[in-house]
Amino acid sequence: MKRFIKKLSSIRISELIIIVVLFPSLWALLNNQNINIGVTVLPPQDPEITEITAYLNLKALSISVAGETIYNTQLMWLEDQSTGQAIELTTDTSGHFVAALDSSSQWTSVGTHQVIALIEIEQKEIILLKSNVLSYTIDEQFNVTLDPFSEDVNLLTANITVDEFKSLQDRYQLSLVSSADYAQLKNRWLSFARMFFWFTVFEWTIYIITLVFVPYLLFRRWRRKKSEHQPFWALGKGIYFQHANS
Numbered sequence: 117m118k119r120f121i122k123k124l125s126s127i128r129i130s131e132l133i134i135i136v137v138l139f140p141s142l143w144a145l146l147n148n149q150n151i152n153i154g155v156t157v158l159p160p161q162d163p164e165i166t167e168i169t170a171y172l173n174l175k176a177l178s179i180s181v182a183g184e185t186i187y188n189t190q191l192m193w194l195e196d197q198s199t200g201q202a203i204e205l206t207t208d209t210s211g212h213f214v215a216a217l218d219s220s221s222q223w224t225s226v227g228t229h230q231v232i233a234l235i236e237i238e239q240k241e242i243i244l245l246k247s248n249v250l251s252y253t254i255d256e257q258f259n260v261t262l263d264p265f266s267e268d269v270n271l272l273t274a275n276i277t278v279d280e281f282k283s284l285q286d287r288y289q290l291s292l293v294s295s296a297d298y299a300q301l302k303n304r305w306l307s308f309a310r311m312f313f314w315f316t317v318f319e320w321t322i323y324i325i326t327l328v329f330v331p332y333l334l335f336r337r338w339r340r341k342k343s344e345h346q347p348f349w350a351l352g353k354g355i356y357f358q359h360a361n362s
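In this note's numbering, the protein residues as written are 117 to 362.
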């Protein structure tokens, strides 16, 4: 048994075989990159929070999100990361929506709010799109102040009738996401993030192995062939036994 294990441990594989085995994975990654780069239709752009309007007479807010026609009349979610609350809306035929939030909503409560819009596109693969972050603060007098990091968002003030405000809510089919559904939504976003992270790790691992390990294998083969007094490209048995004296 000891002799068998010793014999087994002396098995060596030609460096060229190892390099050839590595190339299919690298080729698949590069080929996938070429498809993404060469596609003529641009991928969907992230939605963008463009405007927040404070309706002082109703102590209400509306948040406007610009989209694209390629994801029109689809579900979109708006999440307040500060309060842990989300709402669900349906975009219009241009891919836009306006979230109308009245005084009963946590979104209009005193304090700091960090809002983000998300949309899930299902084509050949599921794509998760995420907007810029809107950060705003509401004080006791319902004065709304934008965070400096939200400089790409316009802040407006206006008055609006109750009927006009209600029509905004009806038009975009606004509904509050329940805590259970919100947890599922959150888990789905985290799953997407984890999946993307591990795919990126795998991709870079293949690149590093190829760019670092392959030159090492070539150098090792050169030294081995030199010690055997053979040309670099001289083919051997591919799988061979390492002699004790080598």
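Backbone N, C-alpha and C fix where the C-beta goes; we use that ideal spot for every residue, glycine too.
I'd like the list of long-range same chain contacts for V260, defined as Cβ closer than 6 Å, with 5 residues on each side in sequence excluded.
A170, Y252, I254
Less than 8 Å between the CB atoms is what I'm expecting for L250 and D162, so what's the real figure, rounded?
Their Cβ separation, rounded to whole angstroms, is 13 Å, which puts L250 and D162 out of contact at 8 Å.
Those residues which DSSP pairs with G227 across a bridge:
I254
At which residues does the beta strand (DSSP E) containing Y332 begin and terminate?
Note, Y332: premise wrong, no beta strand (DSSP E); alpha helix (DSSP H) at 330 to 343.
Using a 10 Å radius around the Cβ and a threshold of 16 neighbouring Cβ atoms, would you call I324 buried or exposed?
exposed
Which of the three DSSP states is assigned to Q222 in this structure?
helix
Contacts around D196, its chain only, beta-carbon distance under 8 Å, and the 5 residues preceding and following it disregarded
A202, Q222, W223, H229, Q230, V231
Any idea what DSSP makes of W349, helix, strand or coil?
coil
Could you give the distance in angstroms between the alpha-carbon of I186 and the alpha-carbon of R337?
54 Å
Which residue's Cα is closest to the Cα of L174: P331, S130, F258, E344?
F258
Reference N275; option with closest CA among D218, S247, W320, I129
D218
What do you get for G227, buried or exposed, if any count of 16 or more other CB atoms within 10 angstroms of its CB means buried?
exposed
So, with DSSP's three-state summary, where would you put E280?
helix
Shortest alpha-carbon distance to S198 belongs to which of S225, L177, E184, E204?
S225
Pull the bridge partners of V214 from the DSSP assignment, please.
S180
If I measure Cβ to Cβ from I135 and keep anything under 8 Å in the same chain, skipping five residues before and after, which residues do I get?
V330, L333, L334
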